Amino acid sequence: SQQGEEDPQALSIQEGENATMNCSYKTSINNLQWYRQNSGRGLVHLILIRSNEREKHSGRLRVTLDTSKKSSSLLITASRAADTASYFCATDGGATNKLIFGTGTLLAVQP
Amino acid sequence: SAVISQKPSRDICQRGTSLTIQCQVDSQVTMMFWYRQQPGQSLTLIATANQGSEATYESGFVIDKFPISRPNLTFSTLTVSNMSPEDSSIYLCSVVATGGYTFGSGTRLTVV
């Protein structure tokens, strides 16, 4: 079953603009991760934020986590056409280490 | 991070037949998982492959349809049995190892 809901489902922006994607989840987590997938290919791990962290940066990526609201956001700054992909959040909630994925956001960056 | 070799990368199968997908990991890993990604959808966890014991299936997935083997800590197979067009999806394996989670490149299955 799906753990997270993401919004928007689809996002179209111009190159150079920022893109923000949001993820909400339902139960307690150990960590939350963001992945990128290009055209149905393999998943690329972008960033992991632990439940005791509130914000994390990696290059042009910024992730926030609000455990009280059970939500996270992924910000991509200064977007490029190559950022066009589907983005998924995934939560790791327990001893089993299984990841439960959100519904995903399809990002299109127009050159 | 662990490196996974997943085979086949794609296949087109006749309905009613079965396909076995393999994942080989370059190191021993305790946790291995199988996911399905239906067209245009997110990933759904099918099961956790346990070494030396029966897999643990998620709600909506059963062993008769998706039998899983895990003979050792570096290898697992997922079989999609008695296929129908609704089984057309990408199937991915995943492991947890030092360095985090790694996913196979996926098997794109089309059932005709």
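Here the protein sequences come in this chain order: A and B. Going by my numbering, 8 is the number at position 8 of the first sequence; the sequence numbering is gapless. Adding 1000 to a residue's 1-based position in the second sequence gives its number in my numbering. The beta-carbon is built from N, C-alpha and C at its ideal position, and this holds for glycine as well. These figures come from a predicted structure and were not determined experimentally.
Using a Cβ-Cβ distance cut-off of 8 Å, determine whether residue i contacts chain A.
| i | result |
| --- | --- |
| residue 1057(B) | no |
| residue 1106(B) | yes |
| residue 1088(B) | no |
| residue 1005(B) | no |
| residue 1096(B) | yes |
From residue i to residue j, what does the alpha carbon distance come to, in whole angstroms?
| i | j | result |
| --- | --- | --- |
| residue 84(A) | residue 1097(B) | 29 Å |
| residue 70(A) | residue 24(A) | 6 Å |
| residue 1105(B) | residue 66(A) | 32 Å |
| residue 1024(B) | residue 1095(B) | 10 Å |
| residue 1035(B) | residue 94(A) | 18 Å |
| residue 942(B) | residue 1109(B) | Residue 942(B) lies beyond the range of chain B shown here (1001 to 1112); nothing can be said about it. |
| residue 1002(B) | residue 37(A) | 19 Å |
| residue 1046(B) | residue 88(A) | 17 Å |
| residue 9(A) | residue 50(A) | 24 Å |
Using a cut-off of 9 Å between C-beta atoms, extract the partners of residue i located in chain B.
| i | result |
| --- | --- |
| residue 45(A) | 1001, 1100, 1101, 1102 and 1103 |
Who are residue i's beta bridge partners in DSSP?
| i | result |
| --- | --- |
| residue 1065(B) | Answer is none; residue 1065(B) lacks a bridge partner. |
Is residue i close to chain B? Criterion is C-beta to C-beta, closer than 8 Å.
| i | result |
| --- | --- |
| residue 42(A) | yes |
| residue 102(A) | yes |
| residue 98(A) | yes |
| residue 48(A) | yes |
Identify, in the order they occur along the chain, each residue of the same chain with its Cβ nearer than 6 Å to the Cβ of residue i, setting aside the five sequence neighbours on each side.
| i | result |
| --- | --- |
| residue 1080(B) | 1019 and 1087 |
| residue 97(A) | none |
| residue 1048(B) | 1033 and 1056 |
Residue i versus chain A: which residues are under 9 Å apart at the beta carbon?
| i | result |
| --- | --- |
| residue 1031(B) | 96, 97 and 98 |
Skipping 5 residues on each side, what residues in its chain have a beta carbon closer than 7 Å to that of residue i?
| i | result |
| --- | --- |
| residue 60(A) | 76, 77 and 78 |
| residue 56(A) | 47, 49 and 63 |
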